[in-house]
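Remarks on the structure that follows.
Here you go:
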């Protein structure tokens with residue numbers, strides 16, 4: 012039997028319940044023993060503009076997304092226009108029959124650039140500029156179009172509030188029915204999705220029933236989908252996973268200034284300030300609480316986190332590009348004064364405010380070069396949920412151990428990815444404490460009496476010492492002495508050498524797949540799982556490929572990366588930026604020059620089919636640069 | 010024994026670092042007042058942290074025998090708040106110039122009024138940027154020409170007292186660097202006050218400000234407390250409107266007569282640390298700085314499944 016592999020797109024207006032629809036579908040499928048992988052796309056807008064979730068559902072855990080999708084649910088007419096070409100022959104499109112009379116010129120929430128593009132595409136195919144035009148296209152392309160009378164079905168079954176409150180449930184219900192998932196699982200999905208609002212469960216279940224009845228009595232043929240026993244998992248986004256990792260790693264002080272896509276992490280932490288979820292509640296509950304501060308700006312956020320770290324508290328902040336720009340001075344200060352602080356950096360499309368809600372991986376070089384002068388900082392990157400969790404813990408550990416700012420890079424795609432994560436190993440990462448000072452009398456915070464560059468750490472409340480962003484002596488007082496300057500510079504930078512020695516290779520770079528392969532992909536961040544799927548897909552097609560996946564950029568595993576790449580045949584760098592920044596870092600550190608690129612900078616996630624197609628182009632047509640453009 | 014008692018009068022809060030301020034600088038008076046206040050209060054040096062920004066005032070922590078942080082230009086307040094909120098047992102003093110706190114750090118100055126975290130801001134006001142050679146600071150009046158300015162000041166001035174009151178600080182005072190006794194008693198009162206405090210200290214810059222000289226101030230300052238009816242303290246909410254209004258109007262007085270003393274003290278506004286104590290159980294007893302983050306074997310004490318209970322699926 013062929014493995015179930017459903018690609019699904021649910022689109023609708025921002026604020027129109029897309030998240031709830033996504034939750035209902037995810038819950039229903041997970042209860043039926045499936046795995047979900049989904050990515051959320053949305054405009055920088057509160058209500059009305061087009062947003063969607065792109066899902067993949069498999070029994071095995073999916074790691075990437077595919078276009079075209081097998082089923083698309085349109086909760087607004089915009090979805091039909093925006094995703095016209097994201098559905099293929101044999102797939103299904105579900106929409107509200109009320110859209111039938113909708114004309115493109117009334118689509119006020121489609122931006123003018125997109126409108127022009129859609130009109131050109133319709134005109135090219137001699138189609139009318141309305142929903143009928145799109146439906147004609149679907150029919151000609153062999154796509155099943157299923158019009159549901161949304162208002163009628165809802166009004167016949169529930170009577171509390173306006174019908175549009177239930178559009179998302181009806182859309183989700185119809186989808187589940189059409190995919191052949193049994194109704195009980197759909198109901199369970201509703202119960203889970205709304206378990207905090209028990210009052211609405213009943214009405215929503217009625218709407219689900221209406222959806223199932225409608226599909227059952229229609230001429231549409233639906234096969235029953237197999238179900239499996241469900242295992243315990245957590246439905247997490249990258250924001251959730253990182254927050255969880257930081258909590259597990261002992262975070263007790265988090266600062267932030269609201270910014271997309273970083274804020275969700277801090278908001279989640281804020282809702283957990285009482286920390287009611289400890290392992291041995293009786294022993295430690297009195298002693299555990301987290302402080303989350305929404306600051307007046309990012310300058311405040313980084314410096315407040317720096318200040319908190321000096322009392323011995325594990326402290327962090329989270330931001331994205333524009334906020335990180337403002338934090339540069341505070342990060343430099345932490346570098347100079349050797350403060351353990353974590354900056355979780357959610358990259359999005361730049362420059363400036365760029366694409367506030369879209370993906371980007373163009374801040375790697377910026378993170379590496381943050382701040383003026385030369386100082387040790389660590390730059391690590393996560394690529395999937397488990398890494399977000401464990402790296403969240405490790406980033407705090409590294410900061411404590413090496414007394415330096417640790418920049419933890421995540422991208423918007425990963426931040427907004429929904430994934431079902433199996434049980435977390437709480438013993439995988441041990442909590443590392445700072446190198447405690449024992450001499451409280453004449454404490455030299457910046458003692459030069461150290462080979463690895465790590466001086467004893469002082470804590471306000473126990474130790475008296477001084478700090479300054481100026482060059483300083485062992486006590487922390489300002490100095491401009493030329494010899495002391497050299498010694499202090501060397502002591503600080505030595506910490507990077509120590510970190511490089513101590514941190515295991517698998518935390519820096521990993522080679523996935525056969526050592527000797529025809530193709531070696533190089534990537535970092537959220538493309539990790541996508542490329543893992545790519546190499547197994549290529550294997551099925553008889554092509555051998557492996558993946559050099561980068562996790563740590565400072566200190567950089569130069570020797571290992573050079574060794575792997577010198578043995579590679581065709582190297583392809585895959586990144587979500589325009590200039591191949593990781594490839595530049597590789598060249599800078601190893602001298603290896605990567606010549607083939609698959610790059611995407613339109614702000615959308617890369618899909619499996621895009622990489623496969625581009626790889627073929629590079630192999631067969633010898634195109635060195637493939638720029639990906641899919642996504643609405 | 011009560012903490013600090015053994016040090017009574019013995020602990021020297023001044024260390025042996027050479028002070029490199031200009032002779033006649035008002036900063037000396039501030040250092041004296043701070044050390045006097047700490048000494049009078051029998052403060053345990055471990056319990057006090059001094060946080061400064063950049064410039065002449067920024068050097069202050071290095072001269073004090075308490076933990077000190079000389080931070081970035083304008084950032085002393087957020088830094089100090091980080092120290093205070095992660096360990097509310099510490100007394101945190103912010104020491105910054107008027108340029109530092111009211112120009113580059115103005116947003117933080119206002120933000121801290123809203124927070125009322127409990128840090129005590131000592132604002133060194135000499136109306137010039139001393140260490141960068143005498144440019145106009147935000148407290149220099151429009152049209153004033155001090156020594157190094159090429160032309161009279163083209164910008165208007167900020168009144169630190171009105172700004173502090175408008176921002177929500179619950180303790181607002183002004184002192185003069187030569188009136189060390191009054192300044193030290195204000196610092197003591199500010200430290201005892203639960204919320205955040207701003208103490209503006211008028212001071213001469215003998216090198217760059219040839220208008221607001223020591224004599225200029227001496228001829229003009231007068232003490233608010235000399236008027237026996239002066240009572241700036243709000244102990245009941247219903248007193249606030251009138252006392253805020255009186256203090257605010259008094260703060261506008263400038264020129265031939267310049268009031269120094271406490272303009273406004275409101276004990277009815279809960280501090281940020283007390284607000285946190287309402288959210289985080291045992292926050293005051295076990296603040297972030299004093300918590301265990303791992304179990305006895307060194308592993309996390311957080312149960313991941315419990316954390317996301319509302320999201321977990323079985």
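Protein chains in written order, with our numbering: chain Y, 12 to 643; chain W, 10 to 323.
Every residue gets a Cβ at the ideal spot worked out from N, C-alpha and C, and that includes glycine.
This one's a predicted model, so the numbers in the text were calculated from it and none came from an experiment.
Residues of the region 325-338 of chain Y with a C-beta atom less than 8 Å from some C-beta of chain W are 325, 326, listed in chain order.
For residue 413 of chain Y, no Cβ of chain W is located within less than 8 Å of the residue's own Cβ.
Boundaries for residue 19 of chain Y: no alpha helix (DSSP H) harbours it, while the beta strand (DSSP E) harbouring it runs 16-24, taken from the DSSP string. For residue 104 of chain Y, the beta-bridge partners assigned by DSSP are Y:83, Y:156. Residue range 592-601 is occupied by the alpha helix (DSSP H) that includes residue 601 of chain Y. Under a criterion of Cβ atoms nearer than 8 Å, the residues of chain W adjacent to residue 341 of chain Y are, in order, 81, 84. Within 10 angstroms of the beta-carbon of residue 556 of chain Y lie 16 or more other beta-carbons, which makes it buried. Contact of residue 268 of chain W with chain Y by beta-carbon distance below 9 Å is absent, the smallest such distance being about 30 Å. The residue from Y:215, Y:559, Y:566, Y:593 with its alpha-carbon nearest to that of residue 577 of chain Y is Y:559. Pairing residue 194 of chain Y with residue 390 of chain Y gives a Cβ-Cβ distance that is not under 8 Å. Looking at the backbone, the Cα of residue 309 of chain Y and that of residue 587 of chain Y are separated by about 25 Å. The region 158-168 of chain Y makes no contact with the region 200-209 of chain Y; the number of CB pairs closer than 8 Å stays below 3. For residue 91 of chain W, the nearest CB of chain Y lies under 8 Å from its own CB, placing it at the interface with that chain. Residue 263 of chain Y belongs to the set of residues whose beta carbon lies under 8 Å from a beta carbon in chain W.
Comparing C-alpha distances from residue 65 of chain Y to each of Y:487, Y:537, Y:200, Y:427 shows the shortest one belongs to Y:427.
Judged by their CB atoms, residue 280 of chain Y and residue 254 of chain Y are nearer to each other than the 8 Å cut-off. Here residue 456 of chain Y is not near residue 472 of chain Y, since their CB atoms are 8 Å or more apart. For residue 557 of chain Y, the enclosing beta strand (DSSP E) starts and ends at 556-561. Sixteen is the threshold: since fewer than 16 other Cβ atoms of the shown chains lie within 10 Å of the Cβ of residue 164 of chain W, the residue is exposed. Against residue 127 of chain W, chain Y offers no close residue; the least beta-carbon distance is about 13 Å (beta-carbon pairs closer than 9 Å). Setting aside the 5 residues that flank it on each side, residue 222 of chain Y is surrounded in the same chain by 181, 184, 185, 188, each with a C-beta closer than 6 Å to its C-beta; the list follows chain order.
Where residue 66 of chain Y is concerned, the enclosing beta strand (DSSP E) starts and stops at 61-69. If you keep only unbroken beta strand (DSSP E) runs of at least 3 residues inside the region 145-210 of chain W, you get 180-185. Under DSSP, the beta-bridge partners assigned to residue 289 of chain Y are W:311. When secondary structure is reduced to three states using DSSP, residue 216 of chain W falls in the coil class, being assigned neither helix nor strand. Counting only runs of 3 or more residues that sit fully inside the region 23-55 of chain W, no beta strand (DSSP E) segment turns up.
Here the alpha carbons of residue 34 of chain Y and residue 464 of chain Y stand approximately 49 Å from one another.
Listed along chain W are 87, 117, 120, each with a C-beta nearer than 7 Å to that of residue 311 of chain Y. With fewer than 16 other Cβ atoms from the protein chains shown falling within 10 Å of its own Cβ, residue 239 of chain Y counts as exposed. Counting along the chain, the unbroken beta strand (DSSP E) around residue 265 of chain Y starts and ends at 264-267. Per DSSP, the beta bridge partners of residue 608 of chain Y are Y:584, Y:636. Remark: C-beta atoms of residue 269 of chain Y and residue 331 of chain Y do not approach each other more closely than 8 Å. Neighbours of residue 259 of chain Y in chain W, taken as residues whose beta carbon is under 7 Å from its own, are 309, 311, 313 in chain order. Chain W places no beta carbon closer than 8 Å to that of residue 398 of chain Y, leaving this residue out of the contacts. A straight-line Cα-Cα distance of about 22 Å links residue 355 of chain Y and residue 81 of chain W.
Here residue 55 of chain W is not near residue 100 of chain W, since their CB atoms are 8 Å or more apart.
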